[in-house]
Amino acid sequence: MSMTPCPYKELPDSAFWKRSVAEPLWTTVDPVLSAPFKITQTMRVATAGSCFAQHIARHLKNSGYNYYVRERAPRCIHPEVALHYNYGTFSARFGNVYTTRQLRQLIDRALNLFIPEEPFWFKDGGYVDPFRPQIQPVPFSSIREAELDRASHLKAVRHMLESMDVFVFTLGLTESWESLSDGSVFPVCPGCGAGTFDSSLYQFKNFTYEEILDDLIYVTNTIRALNPSCRFIFTVSPVPLIATADLNHVLTATTYSKAVLRVAAETAVKQTPMSVYFPSFEIVSGAHTRGRYFEQDLRGIREEGVEHVMGVFFRHFTDRQPETADAQRSQKCLSDFQFTPTSNSMDVVCDEEILDKF
Amino acid sequence: MLHLYIVGDSHIGCLDKAFREASKFKPKPHYSAAFHSLGGGAVAYDLLIRNHQSCWVLNPLLKTAVMTAKKQATRITPADRVQIAICVGGYVSTVYTWDKKLGQFDFLLDAEDSVDADPDALSMMVPTSLVRQSLKAHFKVMVDALLQVKQQTALPTLFVSPPPPYRSSETIVELMCAKRSIDKHAMQQPMHSSVRLKVWRIADEILRAEMERISVPFLGVPSGAVDADGYLLPEMFGDGFHAGTAYGQLVLDALVQHAETEAAFVCS
């Protein structure tokens, strides 16, 4: 019998909690070991997902990377007005895509593989799209207008899928509401802000690990069929659930949700070439932060937290040198963080926040 | 005597031409007219190059031009009547819809249930409210400037509707190229004519509402100048972008008629 040293003896610091999480300055913790590909400034990086995806989009845009927006307002439209209509907030005007089923159905709708039966919802004298109910400040003036805008939007989504180089998807929720007639899922529960709730038409759905994994694999395979060289980055939003409908405590519901999403993302990455998991969730909510990257409501993510995430992202996925802000962050001590709301967390468009109003 | 001070973008050129034309013959017009044109090119520059910087060029010029008119008005006799007429915004229907490269789009007006152009051939459909809000935001600074001018001059001020667009895109290109000796094949192609008219209609609606809000009378398009759909009649055409002398004459007549009944005496 040959004697070998303890297998842990040869492992790098990153394998040890004390050396890589507890001891380093908490603002410098970097859980990424390597990136399987680099993002250049010319690559088209499309994003989708929960509210947190907008932080990633904003930092990409502000850092000179090619944040890919396929559905833009015509150039003659006043830029402030275009922004109110969410042109440029998302890679196409799909709004928040909280669940993998929502993403799967969005792709299927763009490819004409799925036509939901759900009609447009009447609101304030006009009509809203149930699959992106807060995409613009005023409802569409007619069903025809809503139909035409949706057709144009889905065409843009298809172009985005065909032409993006990198797709960053932020997994946000396992909980959703679906139509009993055809399984269409909505970003917010019907009757909460728009639409009318009817238990004979809609039901609550908490997606399982198997369903989420199946959706993710379907999504990557479908996109690859259209766009073979597309690379995928999956990340899990660190933002807790605003509310749960699963008759659990919202804290345990959040833990369940994030755990399932995390495992599904990891498993999907192992089965999908040129895909990677990026640890936004861990960077923001890991024990090293002691919760300091959360706003006072313990949900919103402070700008410092987003900067930490994006600093790690740029360090590993690009050739960009760390920015001054990155360096400054590493110098901050614990007392530097005052619990005053940061403005950027307020600028994010979040459909689910409507639930907090009930 | 009635004195007209006409201030606006390049679309007041047809009124200027009409007045000059009328002045060549006897009897000469029984009123005087002074024109202060701001140049539509500058406005297009504002819109497209400076990314809607709140009429960066237009508004200072608007204020200066009206103040000049006010100064000139003080030199005339107490018995004279004065009317300031503002005509701004004719550029939007052309600039918004001129170059397909800037983003070809279409939208529905409330009464429509379909678009003229093939939706599959379009880059995109946009919500009508987006176009409306964008134009409103674009005109806001101009309307605010006009309100200030109105408060400062205390002279009767009237807003003249910008001329409606041409129906035929081909005619626009031909007239533009003929005037500037440009090869028409090298010209940018305007978007579908129905989009041009819809943008003009929304702009007209906004301008009417804004003028009503700040209590400035609004002089609409003369009824004899447009066809049944609302496009400018061919006999009213000018250089492709602008209306011609015949249109200017119709507007001047309406303007004089309004001024003779409404315009204030300088020292009344």
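Those protein sequence lines, which keep their order, are chains A and B.
Plus 774 on top of the position in the first sequence (first one is 1) and you've got the numbering used here.
Plus 458 on top of the position in the second sequence (first one is 1) and you've got the numbering used here.
Each residue gets a CB set at the ideal place from its N, CA and C atoms; glycine is no exception.
Chain-ordered neighbours of B/Leu-595 on chain A, where CB pairs are closer than 7 Å: As written in the sequence, residue 595 of chain B is Ala, which differs from the Leu given in the question. Going along chain A in sequence order, the residues near B/Ala-595 (Cβ under 7 Å) are His-852, Glu-854 and Val-855.
- request: Can you tell me the Cβ-Cβ gap for B/Gly-696 and B/Leu-655, rounded? I've got them flagged as a contact below 8 Å.
  value: That belief does not hold up - the Cβ atoms of B/Gly-696 and B/Leu-655 are roughly 17 Å apart, past 8 Å.
query: Should A/Ile-986 and A/Phe-826 be called a contact, given that it needs their Cβ atoms to be closer than 8 Å?
result: no
- request: Would you identify the three-state DSSP class for A/Ile-889, choosing helix, strand or coil?
  value: In the structure shown, A/Ile-889 sits in coil (DSSP, three-state: anything other than H, G, I, E or B).
query: Is the beta carbon of A/Asp-1125 sitting closer than 8 Å to the one on A/Asn-870?
result: A contact, by the Cβ cut-off of 8 Å.
query: chain C beta carbons: is any one of them nearer than 8 Å to that of B/Thr-552?
result: Checking the listed chains, one finds no chain C in this structure; the protein chains it contains are A and B.
- prompt: Roughly how many angstroms lie between the CA atoms of B/His-494 and A/Arg-924, to the nearest whole one?
  reply: 45 Å
Within chain A, partners of B/Ser-592 - CB distance below 7 Å: Ile-851, His-852 and Val-855
message: Per DSSP, what are the beta-bridge partners of B/Cys-545 in this structure?
response: B/Gly-466
query: Residues in its own chain within less than 6 Å of A/Gly-900 by CB, not counting five upstream and five downstream?
result: Pro-913, Phe-914 and Ser-915
query: Distance, Cα to Cα, A/Glu-797 vs A/Tyr-1030?
result: 29 Å
- prompt: Residues in its own chain within less than 6 Å of A/Ser-955 by CB, not counting five upstream and five downstream?
  reply: Glu-891
- prompt: Could you give the distance in angstroms between the alpha-carbon of A/Trp-791 and the alpha-carbon of A/Phe-894?
  reply: 51 Å
message: Quick check on this structure: which residue in A/Glu-921, A/Leu-877, A/Lys-929 and A/Gln-910 has the alpha carbon closest to the alpha carbon of A/Asn-886?
response: A/Lys-929
message: Determine, for A/Ala-1027, whether the minimum Cβ-Cβ distance to residues of chain B falls below 8 Å.
response: Judged by the 8 Å Cβ criterion, A/Ala-1027 is not in contact with chain B.
- request: Return the residue from the list B/Met-583, B/Thr-615, B/Phe-565 and B/Gln-562 that minimises the CA-CA distance to B/Glu-720.
  value: Closest by alpha carbon: B/Thr-615.
- prompt: Residues of chain B with a CB under 9 Å from the CB of A/Pro-907: which are they?
  reply: Simply none; closest approach about 14 Å.
message: If we define contact as Cβ-Cβ less than 8 Å, is B/Trp-514 a contact residue for chain A?
response: Reliability of the predicted coordinates at B/Trp-514 is poor, the pLDDT of 49 falling under 50, and no value is obtained from them.
- prompt: How is the alpha helix (DSSP H) around A/Asn-980 delimited, first residue to last?
  reply: That residue, A/Asn-980, is in no alpha helix (DSSP H); its beta strand (DSSP E) goes 976-980.
- request: Flag B/Val-584 as yes if its beta-carbon sits less than 8 Å from any beta-carbon of chain A, otherwise no.
  value: yes
message: Please state whether the Cβ-Cβ distance between B/Gly-547 and B/Leu-665 is less than 8 Å.
response: yes
field: Inter-residue spacing [alpha-carbon to alpha-carbon] between B/Leu-460 and B/Phe-676
entry: CA-CA distance, B/Leu-460 to B/Phe-676, rounds to 19 Å.
field: Sub-8 Å separation of B/Val-709 and B/Ile-660 beta-carbons
entry: No, these two residues do not count as a Cβ contact at 8 Å.
message: Check whether chain B comes within 8 Å of A/Phe-1055, counting only Cβ atoms and requiring the distance to be less than that.
response: no
- prompt: With burial defined as no fewer than 16 other Cβ atoms inside 10 Å of the residue's Cβ, what is the status of B/Ala-582: buried or exposed?
  reply: Residue 582 of chain B is actually Met in this sequence, not Ala. That one is buried.
query: What in chain B is Cβ-close to A/Leu-799, meaning under 9 Å?
result: Chain B residues near A/Leu-799: none, gap ~41 Å exceeds 9 Å.
message: Tell me whether the segment 850-864 of chain A and the segment 961-978 of chain A touch, counting them as touching only if at least three CB pairs, one residue from each stretch, are closer than 8 Å.
response: When Cβ pairs closer than 8 Å are counted between the two stretches, the segment 850-864 of chain A is seen not to touch the segment 961-978 of chain A, the count staying below three.
task: Determine whether the Cβ of A/Val-912 lies closer than 8 Å to any Cβ atom of chain B.
output: Chain B, which has a Cβ nearer than 8 Å to the Cβ of A/Val-912, makes this yes.
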